[in-house]
Amino acid sequence: MKKRLKLGIIGGGPGSWIGHVHRIASRFDDEFEIVAGVFSRNLKINQKFASKLGINKDRCYKNFKELCLKEIKRKDSIDVVSVMTPPGSHQEISALFIKNKIHVISDKPFAGNLFQAKKLYKTIKKNKKIVYGLTHNYSAYPMVRQAKKIIKDKRIGNIEYINVEYVQDWTNGKKITYSNAKKIFKWKLESKYAGISTVLNEIGSHAFHLAYYITGLKGQELFSQITQYSNKIKFDTNAQVFVNYENDAKGLFWISTNAKGGIHGLKIRVFGTKGSLEWTQNDPNYLVYSNISGATKKLDRAYNESLYSKKFSRIKFGHPEGYLSAFSNLYREISHKIKDKKRYKNYLFPNEDDGLITAKYIDACVKSSKKKRWVKINA
Ligand SMILES: NC(=O)c1ccc[n+]([C@@H]2O[C@H](COP(=O)([O-])OP(=O)(O)OC[C@H]3O[C@@H](n4cnc5c(N)ncnc54)[C@H](O)[C@@H]3O)[C@@H](O)[C@H]2O)c1
């Protein structure tokens, strides 16, 4: 019989955005079984939710520390934990499990700030037997992987320009006032939970990561302008960023949670000496490939010229697939790696290296915006 990994969950309680996505993704390929959890800091909510999920009473814990310390004493202890709490707690929670030899799957950002990110990175590197996976889920879309391959094969030549737009509208159609802001934005208003910068930790991390993941290029220095929601409602909500990459490539990022009517839009364009690629998350089954002869092709997922993307696809070409199956790709890849570390040496899911790099971008953005000058991206 197939061995399922025993999974514990921290966070993702009732009403949480990403909790049910992790639970679906972990079950998609039948690679995991959810056996333990702490779904909320409120004990009553936690217990009620755990019982709804069918978790045994004795494996619904008061907090992540109790979960870790009691689980490792069990014969049937969890193999891996998924962390989906707000960013400020990612480092502390992940580090405890890693030190206790439990594999970790964490949602982004890697940590709340660069200090925490460096600390967590060290802990992971010290515990070599532990697998750490970071759910930058856009990296697992079939046509994003296809784009990565096209760039690796030099089909668009040397990269000259990268342009990423990740804009959202967090107002949810409401007029935001000082009195309703806390109800609408919740922990995203408090740096203790949201970390160094709300807009950059929440979606900027994805934008920087996607550009790095597809192109493999590292930024050297950047100039950023970050604006806050308002004088009274203080949290970072919009960022424009120029990046100078190695190889002289130039990057331009617009990241916003305040693009009214922009609901949700992630788009990346990469231009090289021989052509360009464009991928939009709202139309994820296609990749636009143009070359300098003027020919533009819309490549279909898992079909003919994009056969490489078939590996990461779940259904036949022509049928739409998206967010949940891409997220599940990460869970499947992490499971394979945990089960057979040697065989899956060259895995494609993001890990601590990706996490530290994005934390460096975010830290540099905050410094640049404060100092109003170009700053080096922490080497
Ligand atoms: N990968 C993605 O596409 C994606 C999308 C959305 C959010 N996220 C990330 O997921 C994380 C959570 O975001 P969200 O929007 O789901 O938040 P949320 O506020 O909707 O949900 C957070 C959940 O965690 C619980 N929680 C908080 N602290 C806890 C603790 N110490 N122990 C146990 N439970 C705790 C809360 O009760 C709540 O149920 C953030 O890091 C966010 O950046 C990722």
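Per my numbering, the sequence shown starts with residue 92, numbered consecutively. Even for Gly, the Cβ is constructed at its ideal location relative to N, Cα and C. If you're wondering where the values come from, they're calculated on a predicted model, not measured in any experiment.
Rounded straight-line distance, which links the Cα of Phe403 to that of Ser270: Taking the sequence shown and counting its residues from 1, the one referred to as residue 270 is at position 179. Taking the sequence shown and counting its residues from 1, the one referred to as residue 403 is at position 312. Each residue's Cα considered, the two are about 45 Å apart.
Short Cβ contact (9 Å threshold) for Gly310 with Ala455: Translated into the one-based positions of the sequence shown, residue 310 becomes position 219. Translated into the one-based positions of the sequence shown, residue 455 becomes position 364. It is a contact, given that the beta carbons lie within the stated cut-off.
Three-state secondary structure assigned by DSSP to Ile182: Counting from one through the sequence shown, the residue named residue 182 turns up at place 91. Inspection of the sequence shows that residue 182 is occupied by Gln rather than by Ile. Here Gln182 sits in helix by DSSP.
CA-to-CA distance, Ser142 to Gly224, given in whole angstroms: For the purposes of this step, residue 224 is taken as the residue at position 133 of the sequence shown. For the purposes of this step, residue 142 is taken as the residue at position 51 of the sequence shown. Near 27 Å, if we compare the C-alpha coordinates of Ser142 and Gly224.
Where the alpha helix (DSSP H) through Asn420 begins and ends: Position 329 of the sequence shown, counted from the first residue, corresponds to residue 420. Where Asn420 is concerned, the enclosing alpha helix (DSSP H) stretches over 414-430.
Beta-carbon proximity list for Arg150, same chain, < 7 Å, skipping 5 on both sides: The residue given as residue 150 occupies position 59 in the sequence shown. Counting only Cβ-Cβ distances below 7 Å, and skipping sequence neighbours, we find Val126, Ala127.
beta-carbon Gly102 near ligand 1 non-hydrogen atom, thresh 8 Å: As a working mapping, residue 102 is identified with position 11 in the sequence shown. For Gly102, the distance from the CB to the nearest heavy atom of ligand 1 is below 8 Å.
The region 228-238 touching the region 389-400, judged by at least three CB pairs closer than 8 Å: Contact between the region 228-238 and the region 389-400 is present: 3 or more CB-CB pairs across the two stretches fall below 8 Å.
Thr289 - DSSP class collapsed to helix/strand/coil: Taking the first residue of the sequence shown as position 1, residue 289 is located at position 198. If DSSP states are grouped into helix, strand and coil, Thr289 belongs with the helices.
Distance between Gln372 and Thr364 (C-alpha atoms, nearest Å): Position 273 of the sequence shown, counting from 1, holds the residue named residue 364. Position 281 of the sequence shown, counting from 1, holds the residue named residue 372. In a straight line, the C-alpha of Thr364 is about 25 Å away from that of Gln372.
Beta-carbon proximity check, Ser168 vs Ile193, cutoff 9 Å: As a first step, residue 168 must be located in the sequence shown, where it is residue number 77. As a first step, residue 193 must be located in the sequence shown, where it is residue number 102. In contact: Ser168 and Ile193 (Cβ atoms closer than 9 Å).
Residues sharing a beta bridge with Met234, DSSP: For the purposes of this step, residue 234 is taken as residue 143 along the sequence shown, with counting starting at 1. As DSSP reads the structure, Met234 sits in no beta bridge.
Enclosing beta strand (DSSP E) for Asn382 [first to last residue]: The residue labelled residue 382 in the question sits at position 291 within the sequence shown. Under the DSSP assignment, Asn382 falls in the beta strand (DSSP E) whose first and last residues are 377-382.
Cβ-based burial, Pro411 [other Cβ within 10 Å; buried from 16]: As a first step, residue 411 must be located in the sequence shown, where it is residue number 320. With a 10 Å radius around the Cβ and a threshold of 16 neighbouring Cβ atoms, Pro411 comes out exposed.
Beta-carbon separation (whole angstroms), Leu158 vs Val129, contact threshold 8 Å: Residue numbering aside, residue 158 sits at position 67 when the sequence shown is read from its first letter. Residue numbering aside, residue 129 sits at position 38 when the sequence shown is read from its first letter. Going by Cβ atoms, the distance from Leu158 to Val129 rounds to 5 Å, so yes, they are a contact pair.
Closest Cα partner of Lys325 within the set Ile267, Leu357, Glu312, Gly366: If you number the sequence shown from 1, residue 325 lands on position 234. Answer by Cα proximity: Ile267.
Residue environment, His227, which counts as buried when at least 16 other CB atoms sit within 10 Å: Residue numbering aside, residue 227 sits at position 136 when the sequence shown is read from its first letter. By the C-beta density criterion, His227 is buried, having at least 16 other C-beta atoms within 10 angstroms.
Tyr452: first and last residue of the uninterrupted alpha helix (DSSP H) it sits in: Taking the sequence shown and counting its residues from 1, one reaches residue 452 at position 361. Start and end: 443-462.
Simplified DSSP assignment, three categories, for Asn329: Stepping through the sequence shown from its first residue, residue 329 is reached at position 238. Strand, per DSSP.
Cβ neighbours of Asn376 in the same chain (closer than 6 Å, five flanking residues each side left out): The residue you call residue 376 lines up with position 285 of the sequence shown. Leaving aside the five residues that flank Asn376 on each side, the residues in its chain whose CB is nearer than 6 Å to its CB run, in chain order, Arg392, Pro411.
Counted within 10 angstroms of its Cβ, other Cβ atoms place Lys451 as buried (16 or more) or exposed: Here residue 451 refers to the residue found at position 360 when the sequence shown is read from its first residue. Classified as buried, Lys451 has 16 or more neighbouring CB atoms from the shown chains inside 10 Å of its CB.
heavy atom of ligand 1 below 8 Å from Phe155 C-beta: Residue 155 sits at position 64 when you count from the first residue of the sequence shown. Yes, since a heavy atom of ligand 1 falls inside the 8 Å radius drawn around the Cβ of Phe155.
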